[in-house]
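Participant: Start counting the sequence shown at 1; every next residue gets the next number (UniProt numbering). Beta carbons are placed, not taken as given, at the ideal position from N, Cα and C, and that holds for glycine. Shown below is the structure under consideration.
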Amino acid sequence: MNSCQELLQMSIAEMDDQAQQLLVSSSAQTSTPTTQVNQESKSTEIVQKTSDTFEHFPKLPTELQVKIWGYAVWIPRTIEVLGKHGTARNTTNGREAAHKHSRSYRLSKRSRVPPAILHACHNSREEAQRAYKKYFFRPLRNKINKPREFSYTWFNLETDSLLIGSSACEQTMTYLFQDNNDLRKVIFMAEDEPQFYSDCRSAEDIITALHGKPTNASSQAKKPRIPEYLHGCRGLEEVFILSRSDYMT
Numbered sequence: 001m002n003s004c005q006e007l008l009q010m011s012i013a014e015m016d017d018q019a020q021q022l023l024v025s026s027s028a029q030t031s032t033p034t035t036q037v038n039q040e041s042k043s044t045e046i047v048q049k050t051s052d053t054f055e056h057f058p059k060l061p062t063e064l065q066v067k068i069w070g071y072a073v074w075i076p077r078t079i080e081v082l083g084k085h086g087t088a089r090n091t092t093n094g095r096e097a098a099h100k101h102s103r104s105y106r107l108s109k110r111s112r113v114p115p116a117i118l119h120a121c122h123n124s125r126e127e128a129q130r131a132y133k134k135y136f137f138r139p140l141r142n143k144i145n146k147p148r149e150f151s152y153t154w155f156n157l158e159t160d161s162l163l164i165g166s167s168a169c170e171q172t173m174t175y176l177f178q179d180n181n182d183l184r185k186v187i188f189m190a191e192d193e194p195q196f197y198s199d200c201r202s203a204e205d206i207i208t209a210l211h212g213k214p215t216n217a218s219s220q221a222k223k224p225r226i227p228e229y230l231h232g233c234r235g236l237e238e239v240f241i242l243s244r245s246d247y248m249t
């Protein structure tokens with residue numbers, strides 16, 4: 001009788017152990033979904049707390065403002081150069097008269113306007129000065145009894161392009177590149193009146209102005225300061241031809 005009671009007690013104890021194990025395993029299985037539910041509820045709260053509006057730029061952290069200004073520096077610009085070509089083209093000395101003012105060139109009015117990033121604020125100017133360089137160009141004409149003034153613009157060699165209008169001839173380009181021979185991107189305006197400038201804007205003339213040419217011996221004798229060889233645009237990487245229809249649209 002005692003042995004039967006002992007066996008019964010042992011079986012009850014084993015059943016209790018199995019029941020406890022089942023409870024532990026079931027609680028472990030149900031803990032993961034509970035954790036996931038908690039995480040989802042937290043993420044929902046974070047999304048709900050996120051603002052739908054963008055902060056005003058001055059209220060952004062300084063580091064973020066500087067990063068935005070850094071991106072703005074690399075917006076490409078086109079700087080236009082204007083030349084002064086003579087009008088006497090059909091006379092015996094028409095070519096000489098036409099080139100009388102070929103060395104005079106200047107920036108267009110809109111090209112002299114500095115990029116807005118240079119005067120927006122102190123941080124923007126610091127970022128802009130990392131990329132922009134001040135370039136000087138000859139004035140179109142000198143004023144009597146006034147000092148010679150050079151027009152300049154801020155130029156980013158990495159992104160900005162120099163547009164040479166149809167008023168500039170081959171000699172204008174030659175002297176322009178002599179003054180600024182590190183330009184990388186050059187745009188030529190296609191001729192709208194080729195009969196006017198065919199004597200100094202042929203493909204050969206343009207290539208010569210870009211890549212250099214020997215100086216005329218007689219010109220060098222009159223003006224010894226002129227180098228024996230004009231080296232063209234040494235930093236040149238890209239050349240674009242712009243037609244009038246493309247320019248106007």
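If you follow the beta strand (DSSP E) that phenylalanine 177 is in, where does it begin and where does it stop?
Facilitator: Here phenylalanine 177 belongs to no beta strand (DSSP E); instead the alpha helix (DSSP H) covers 170-179.
Participant: Tell me whether lysine 59 sits in a helix, a strand or coil according to DSSP, three-state version.
Facilitator: Helix, per DSSP.
Participant: Could you tell me if alanine 88 is buried or exposed, where buried requires 16 or more neighbouring beta carbons within 10 angstroms of its beta carbon?
Facilitator: Because the pLDDT of alanine 88 is 39, which lies under 50, any placement of that residue in the model is unreliable, and the number read from its coordinates should be weighed accordingly. Exposed.
Participant: Ordered along the chain, which non-local residues of its own chain (more than five positions away) have a Cβ less than 8 Å from that of lysine 133?
Facilitator: Within the same chain, lysine 133 has close Cβ partners Trp154, Phe155, Asn156, Leu157.
Participant: Quick check: what's the CA-CA separation for arginine 234 versus leucine 183?
Facilitator: Roughly 8 Å between the two C-alpha positions.
Participant: How about threonine 174 and threonine 208: are their beta carbons less than 9 Å apart?
Facilitator: Yes, the Cβ-Cβ distance between threonine 174 and threonine 208 is below 9 Å.
Participant: Would you identify the three-state DSSP class for glutamine 152, choosing helix, strand or coil?
Facilitator: Glutamine is not the amino acid found at residue 152; the sequence shown has tyrosine there. Tyrosine 152 falls in the strand class under three-state DSSP.
Participant: Compare the Cα-Cα distances from glycine 212 to each of Gln178, Glu238, Ile75 and report the closest residue.
Facilitator: Looking at the Cα atoms, Gln178 is the closest of the given residues.
Participant: With a cut-off of 8 Å on the beta carbons, I'd call serine 111 and isoleucine 79 a contact; round off their distance for me.
Facilitator: Rounded, the Cβ-Cβ distance is 5 Å, consistent with contact.
Participant: Straight-line CA distance for phenylalanine 241 to isoleucine 164?
Facilitator: According to the sequence displayed, residue 241 carries isoleucine and not phenylalanine. Whole-angstrom Cα-Cα distance: 10 Å.
Participant: For a test of the three-state rule: what should DSSP assign to threonine 78, helix, strand or coil?
Facilitator: Correct three-state label for threonine 78: strand.
Participant: Take the Cβ of alanine 168 as the centre, count every other Cβ of all protein chains shown within 10 Å, and call the residue buried at 16 or more, exposed below.
Facilitator: Label assigned to alanine 168: buried.
Participant: DSSP three-state label for residue 250, please.
Facilitator: Limits of the chain in this structure are 1 at one end and 249 at the other, which puts residue 250 out of reach.
Participant: For glutamate 126, which of Ile187, Lys59, Ala72 has the nearest alpha-carbon?
Facilitator: Glutamate 126 has its Cα closest to that of Ala72, out of Ile187, Lys59, Ala72.
Participant: Give me the Cα-Cα distance between phenylalanine 54 and leucine 176, rounded to the nearest whole angstrom.
Facilitator: Taking the straight line joining both Cα atoms gives about 46 Å.
Participant: Quick check: the Cα distance between leucine 210 and histidine 119, rounded to an integer number of angstroms?
Facilitator: If I take the Cα positions, the gap works out to 34 Å.
Participant: Reducing DSSP to helix, strand and coil, say where valine 239 ends up.
Facilitator: Strand.
Participant: If you reduce the DSSP assignment to three classes, tell me which class tyrosine 132 lands in.
Facilitator: DSSP places tyrosine 132 in coil when its eight states are reduced to three.
Participant: Which one of Pro58, Lys109, Ile206, Leu82 has the shortest CA to CA distance from cysteine 121?
Facilitator: Cysteine 121 has its Cα closest to that of Pro58, out of Pro58, Lys109, Ile206, Leu82.
Participant: Who are the near neighbours of threonine 91 in its chain, counting only those whose CB is closer than 6 Å to its CB and skipping five residues on each side?
Facilitator: With a pLDDT of only 42 at threonine 91, under 50, the local geometry of the prediction cannot be trusted, and the value read off the model is given with reservation. Counting only Cβ-Cβ distances below 6 Å, and skipping sequence neighbours, we find nothing.
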